[in-house]
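Take a look at the structure below.
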Amino acid sequence: DRVPFSPRMDFWYAARRSAGDMPLEFAGLSLREIEQKLDLATPGRGGRIFRTVVDGITTTERTEGERRILEQHTPAGVLTTVTRQTTDQRTFGMAELVKKYPLTPQGISAEEIAKKWGIERPEADEFALGSYEKAKRARDEGRFDREILPVDVQLEGLPATIKTDEGIRDTSLEKLASLQPSFRPDGVHHAGNSSQITDGAAAVLLMAKEKAEELGVKARARIIGQAVVGSDPVLMLTGPITATPKVLAKAGLKLSDIDLIEINEAFASVPLAWKREVKPDMSKVNVNGGAIALGHPLGATGARLMTTLLHELERTGGRYGMQLMCCGGGLGTATIIERLD
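The sequence shown begins at 1 in full-length UniProt numbering and counts up by one.
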């Protein structure tokens, strides 16, 4: 089985062609189709996936089409023309829908979330500083060492090994306060409290219990609940708010039962709005920092969050972990895993 995710599908075509088994096409996913695929991975809800590698990759090396878009030299969050494919209503055939829910850059969505939930810049900066400080501590204590695969590269003609995330910076509230807003002149978000778009790749191995026993593979965790929700497509990034109670209900757990939570820090307002509504114990949330400090390689973030969550459960001896993600266009996903001894 293959379940690849990436905003750049040419990687998968190249990989499958080199392996000689490239699928001829990749199907688009509706909300129901996503839920059906989640059911395949969940014991007691279909559970028909026997073995699959769920992997993802993102690189900032641009395709020619991407370069043409970025030649506008406008910040990613305020592009007036995204692509011809996404702005041409004739292509979509959804003029009335777009009129009701206008295509909105994610940076503007993040600002609207901050406005709706009363999140001011000092609060966003304080959250971002915490992300940097926790990530730096985790790196210095070697918490990431088991989950990062070193990569040998050439830097300025000399061999080098990349084995730590490069986005972690020393910063302060004063430095963050000096940064200019990125999306609105009086906005909350800037380069220091928004996720970094970074290169990255991650993979997790998903296998049925019977197949693992047959192959002699020791399972490290099991999935006990998954949920996908829709959310306002203009606010776009609020899906984790409603995905949280939904996945807890599916797993038969309370929020207090969860030992660790990884929520993607797309923008500071995303986890802060979720905090307002869900009221979690924040000492359990992103304990090793998040995308603001570590980066957000779009195609790889889901697998990266799950990898970090599992390793931290193993390090601390926790039992239950929850992963939450917002998605462009107005989706949210949630997964609860149970660590196995």
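Glycine included, C-beta positions come from ideal geometry on N, C-alpha and C.
> What are the boundary residues of the alpha helix (DSSP H) that Q323 is part of?
Replying inline: For Q323, there is no enclosing alpha helix (DSSP H); the residue is part of the beta strand (DSSP E) that begins and ends at 320 to 327.
> Does the segment 133 to 143 touch the segment 195 to 212, meaning 3 or more C-beta pairs lie closer than 8 Å?
Replying inline: Touching, no, given that fewer than three Cβ pairs across the two stretches are closer than 8 Å.
> Does DSSP classify A334 as helix, strand or coil?
Replying inline: DSSP places A334 in strand when its eight states are reduced to three.
> Taking Cβ positions, are P271 and M325 nearer each other than 8 Å?
Replying inline: Against a cut-off of 8 Å, the Cβ pair of M325 and P271 comes out as no contact.
> Would residue 342 pass as a contact of E126 if the rule is Cβ separation under 8 Å?
Replying inline: Any question about residue 342 goes unanswered here, given that the chain covers just 1 to 341.
>> Going by the DSSP bridge assignment, what does G289 pair with across the sheet?
In response: Under DSSP, G289 shares a beta bridge with V287.
> Looking only at its own chain, which residues have a Cβ that is under 8 Å from the Cβ of L235, when we skip the five neighbours before and after it?
Replying inline: The beta carbon of L235 sits closer than 8 Å to those of S109, E112, I113, K116, G330, all from its chain and outside the five residues before and after it, given in chain order.
> Do the CB positions of L248 and V287 come within less than 8 Å of each other?
Replying inline: No, the Cβ-Cβ distance between L248 and V287 is not below 8 Å.
> Between the beta-carbon of R339 and the beta-carbon of R315, is there less than 8 Å?
Replying inline: Not closer than 8 Å, so no.
> Of the residues P297, G317, I263, V278, which one's Cα is nearest the Cα of T333?
Replying inline: Out of P297, G317, I263, V278, I263 has the C-alpha closest to the C-alpha of T333.
> Between the segment 221 to 231 and the segment 250 to 260, do at least 3 Cβ pairs fall closer than 8 Å?
Replying inline: Yes, since at least three Cβ pairs between the segment 221 to 231 and the segment 250 to 260 fall closer than 8 Å, the two stretches touch.
> Buried or exposed: which applies to A219, given that a residue is buried once 16 or more other Cβ atoms fall within 10 Å of its Cβ?
Replying inline: It is exposed - the Cβ of A219 has fewer than 16 other Cβ atoms within 10 Å.
>> Using a Cβ-Cβ cutoff of less than 7 Å, which residues in the same chain neighbour G289 once the five nearest sequence positions on both sides are dropped?
In response: For G289, where only same-chain residues beyond five positions count, the Cβ hits under 7 Å are S131, Y132, K134, A135, A138.
> G328: which of I337, A177, D232, D281 sits nearest, CA to CA?
Replying inline: That would be D232, whose Cα lies nearest to the Cα of G328.
>> Rounding to the nearest angstrom, what Cα-Cα distance links H296 and S269 in this structure?
In response: The alpha-carbon atoms of H296 and S269 are separated by roughly 15 Å.
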